[in-house]
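Enquirer:
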Ligand code: 5GP
Ligand code: MG
């Protein structure tokens with residue numbers, strides 16, 4: 270397997286908009302906010318694969334209260350933008366009935382994906398459903414999308430970014446900061 274030729278060029282021409290240190294300061298603040306709201310509810314933290322894994326992996330050790338973890342993997346059908354069009358590669362495995370749930374994803378963009386995952390958690394009778402995202406593109410929301418997340422790390426403009434779990438053509442998820450893709454690669 271060879272590296273697709275443009276991945277290195279995408280990385281070389283991208284601009285770091287948040288360093289690892291800035292992200293981790295934001296994670297500390299999120300962990301504090303979560304403690305205030307959730308410490309007494311022993312929440313189930315549900316990681317949305319694959320983008321949410323670096324975020325959740327770095328958030329979890331900052332939480333000073335008892336949590337259980339699970340994951341979901343869902344993709345939108347190509348070209349479809351309504352919640353009902355979500356295709357589930359993995360649904361929650363832990364029973365959600367009566368639980369306080371925190372859905373942990375990389376980024377809130379149009380909001381369709383998270384709206385659908387939240388709806389699924391409610392359908393499975395979770396008692397309360399919270400959402401946590403590392404990044405928010407507040408100007409990108411679509412009709413029917415989740416209007417806002419309960420816990421937000423950092424805001425960004427409506428540009429394509431990679432790093433800290435977010436991909437560019439499935440590569441570059443391992444970059445330690447958040448990088449804005451150059452205009453020619455957007
Ligand atoms: P939504 O349904 O909110 O429009 O889609 C959110 C999903 O789109 C995110 O979980 C993420 O997988 C993907 N996404 C949205 N914006 C970006 C971005 O700037 N970079 C990357 N790598 N993925 C993005
Ligand atoms: Mg995603």
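Numbering (the numbering used here), first residue to last: 270 to 455.
Just so you know, even glycine gets a beta-carbon here, dropped at the ideal spot from N, CA and C.
#1: Consider the C-beta atom of residue 422 and the heavy atoms of the ligand 5GP; say whether any pair is separated by less than 8 Å.
#2: Which same chain residues end up closer than 6 Å to residue 320 when comparing Cβ atoms and leaving out the 5 residues on each side of it in sequence?
#3: Here's the rule: buried if 16 or more other CB atoms are within 10 angstroms of the residue's CB, otherwise exposed. What is residue 359?
#4: Nearest CA to the CA of residue 443: which residue from 311, 323, 382?
#5: What is the C-beta distance between residue 340 and residue 307, in whole angstroms, given that I count them as a contact (C-beta under 8 Å)?
#6: With distance defined between alpha-carbon atoms, name the residue in 412, 408, 272 nearest to residue 252.
#7: Work out the CA separation of residue 446 and residue 350 for me, nearest whole Å.
#8: In this structure, how does DSSP classify residue 459 when only helix, strand and coil are distinguished?
Expert: On the basis of the supplied data:
#1: For the purposes of this step, residue 422 is taken as the residue at position 153 of the chain shown. In this structure, the ligand 5GP has no non-hydrogen atom nearer than 8 Å to the beta-carbon of residue 422.
#2: Counting from 1 along the chain shown, the entry for residue 320 is found at position 51. The residues are 375, 434, 435.
#3: Within the chain shown, residue 359 is the residue found at index 90, counting from 1. It is exposed - the Cβ of residue 359 has fewer than 16 other Cβ atoms within 10 Å.
#4: Your numbering for residue 443 matches position 174 in the chain shown. With distances taken between CA atoms, residue 443 lies nearest to 323 out of 311, 323, 382.
#5: Taking the chain shown and counting its residues from 1, one reaches residue 340 at position 71. Taking the chain shown and counting its residues from 1, one reaches residue 307 at position 38. About 18 Å separates the Cβ atoms of residue 340 and residue 307, ruling out a contact at the 8 Å cut-off.
#6: No answer is possible for residue 252: it lies beyond the span of the chain, which begins at 270 and ends at 455.
#7: Along the chain shown, read from residue 1 onward, the residue named residue 350 stands at position 81. Along the chain shown, read from residue 1 onward, the residue named residue 446 stands at position 177. Any reading at residue 350 must be qualified, since the residue scores a pLDDT of 49, below 50, and its modelled position is unreliable; the value itself is stated next. Between residue 350 and residue 446, the C-alpha separation is close to 29 Å.
#8: The requested residue 459 does not occur in the structure, where the chain is confined to residues 270 to 455.
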